[in-house]
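Q: Count along the sequence shown starting at 1, add 1, and that's the number in my numbering.
In this text, a Cβ means the ideal position worked out from N, Cα and C, and glycines have one as well.
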Amino acid sequence: MSFVNPVLETTSHVIANAEHVAIDTKSVHLLAERVSGFPPFEWDTTHHFAGDEETTAMYFLVLDAMNFCFWADAGEEKWGIVHDGKRLGGYFALSTALKRAFNDDPRFADARYLAAMPGEDLTRILAGHGRIPLLDERLANIHEAGSVLAFDYGGQFSDMIHAAQGSAQDLVELLVTHMPSFEDKATYKGKDIFFRKRAQILVGDIYGALHGEGLGNFHDIAGLTMFADYKVPQLLESYGVLRYSKELCRTIDSLQEIPSGDPREVEIRAASIWAVEMIKDVVFRKGRRMTSLEIDWNLWTLAEGKNFQRPYHCTRTTTY
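#1: Residue 203 and residue 53 look like a contact to me (Cβ under 8 Å); what is the Cβ gap, rounded to whole Å?
#2: Quick check: the Cα distance between residue 20 and residue 230, rounded to an integer number of angstroms?
#3: Just to confirm before moving on: does the CB-CB distance between residue 243 and residue 36 stay below 7 Å?
#4: Grab the span of the alpha helix (DSSP H) containing residue 141 for me, first residue to last.
#5: Take residue 174 as the anchor and find which of 130, 213, 224 and 296 has the nearest alpha-carbon.
#6: Look up residue 240 in the DSSP assignment and say whether it is helix, strand or coil.
#7: Runs of 4 residues minimum, wholly inside the region 194 to 270: which ones carry the alpha helix (DSSP H) assignment?
#8: Out of curiosity, what's the CA-to-CA distance linking residue 293 and residue 191?
#9: If you check the beta carbons only, do residue 304 and residue 256 fall under 7 Å apart?
#10: Roughly how far, in whole angstroms, is the beta-carbon of residue 176 from the beta-carbon of residue 183, given that I think they are within contact range, below 8 Å?
#11: What's the C-alpha gap between residue 76 and residue 128?
#12: Are three or more beta carbon pairs between the region 136 to 153 and the region 83 to 90 nearer than 8 Å?
#13: Could you tell me the distance, in whole angstroms, from the CA atom of residue 69 to the CA atom of residue 140?
#14: With residue 190 as the anchor, note down where its alpha helix (DSSP H) starts and where it stops.
#15: Evaluate contact between the region 43 to 59 and the region 307 to 315, counting only Cβ atoms and requiring at least three cross-stretch pairs below 8 Å.
#16: Looking at residue 262 and residue 187, is the spacing between their C-beta atoms short of 7 Å?
#17: Around the Cβ of residue 234, are there at least 16 other Cβ atoms within 10 angstroms (buried) or fewer (exposed)?
#18: Ignore the nearest five residues each way along the sequence and tell me which others in residue 126's own chain have a CB closer than 6 Å to its CB.
#19: Residue 112 lies in the beta strand (DSSP E); which residues open and close that run?
#20: Have a look at residue 105 and residue 132 and give me their C-alpha separation to the nearest angstrom.
So, in structure tokens, the structure goes:
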């Protein structure tokens, strides 16, 4: 099977009809100048598990099943862990906590165990300061992934990857079809809009961690889009690439929650995807080939630890 990426196909409808978010072409070119000078992206092994390719792929399946929503409500302590004397928060806290679990306990690579993982086991590996949001939802996603692998793929995520026959986009389709928690879509002005952040980032993670070899050898990896979340849109807005309406600026600045599927949230995510596509095109015209996921990884890294004048938008969701 072969697919045109529905993320690009459907988000173009949002860009054509957006009321709260616009893309500034001049700022796209300015940021593309910086992106074109980035060194080749190096995969991070400090915060991620690295082992044989089958176990590594399973690690990223479990990680990205839980890779969403790390922000705390006002007045609450943000969740995090301490590792090697360093305080980690958000995504790196999750990836590192899970890395420790995979290193310490081989059951975490067992689909049957994942399908019935006790809640107290997940609570234990995520123990730290504060409380991670949506813990029950994360556990449910792990149960779903384990059950699907145990019943349909002989307990091996590698079997699902092989079924995609080297196609990143086909693997995304398999994930959202067989593990519905990986689906990520909204309705905007009467049309279904697909984002598929966690499904795409899972495929990208396997590709990056395995250096495009073995299970990570995808012939159409360039067909994936960026992974629309909180941090990259925040960076793009800080560089003037995304322009928000005054009403949206007030909402974000006051830390008001924007419901999942709200037109403003859909526009932020869609505009982020197309801004990165535009950056990619400019970089290509400058003589350098970069995939959307490479640009995303670099922008996300650039945003990590950066102090922004405007906070990121607050949407409580399991999709990112």
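A: Answer, in terms of the structure:
#1: A Cβ-Cβ separation of about 18 Å leaves residue 203 out of contact with residue 53 under the 8 Å criterion.
#2: Residue 230 has its alpha-carbon roughly 20 Å from the corresponding atom of residue 20.
#3: Judged by their CB atoms, residue 243 and residue 36 are not nearer to each other than the 7 Å cut-off.
#4: Segment 136 to 153, the alpha helix (DSSP H) holding residue 141.
#5: The residue among 130, 213, 224 and 296 with its C-alpha nearest the C-alpha of residue 174 is 224.
#6: Three-state DSSP puts residue 240 in coil, outside helix and strand.
#7: DSSP runs (the alpha helix (DSSP H)) wholly in the region 194 to 270: 198 to 210, 232 to 239 and 247 to 254.
#8: Taking the straight line from one Cα to the other gives about 27 Å.
#9: Not closer than 7 Å, so no.
#10: Correct: roughly 5 Å between the Cβ atoms.
#11: Spanning the two alpha carbons is a distance of roughly 20 Å.
#12: By the Cβ criterion, the region 136 to 153 is not in contact with the region 83 to 90, since fewer than three pairs of Cβ atoms, one from each stretch, lie closer than 8 Å.
#13: One C-alpha to the other measures close to 12 Å.
#14: No alpha helix (DSSP H) holds residue 190; DSSP gives it neither H nor E.
#15: Contact between the region 43 to 59 and the region 307 to 315 is absent, with fewer than three C-beta pairs closer than 8 Å.
#16: Here residue 187 is near residue 262, since their CB atoms are less than 7 Å apart.
#17: Burial call: buried.
#18: Around residue 126: 98 and 102.
#19: Unbroken run through residue 112 is the alpha helix (DSSP H), 112 to 116; no beta strand (DSSP E).
#20: Roughly 22 Å between the two C-alpha positions.
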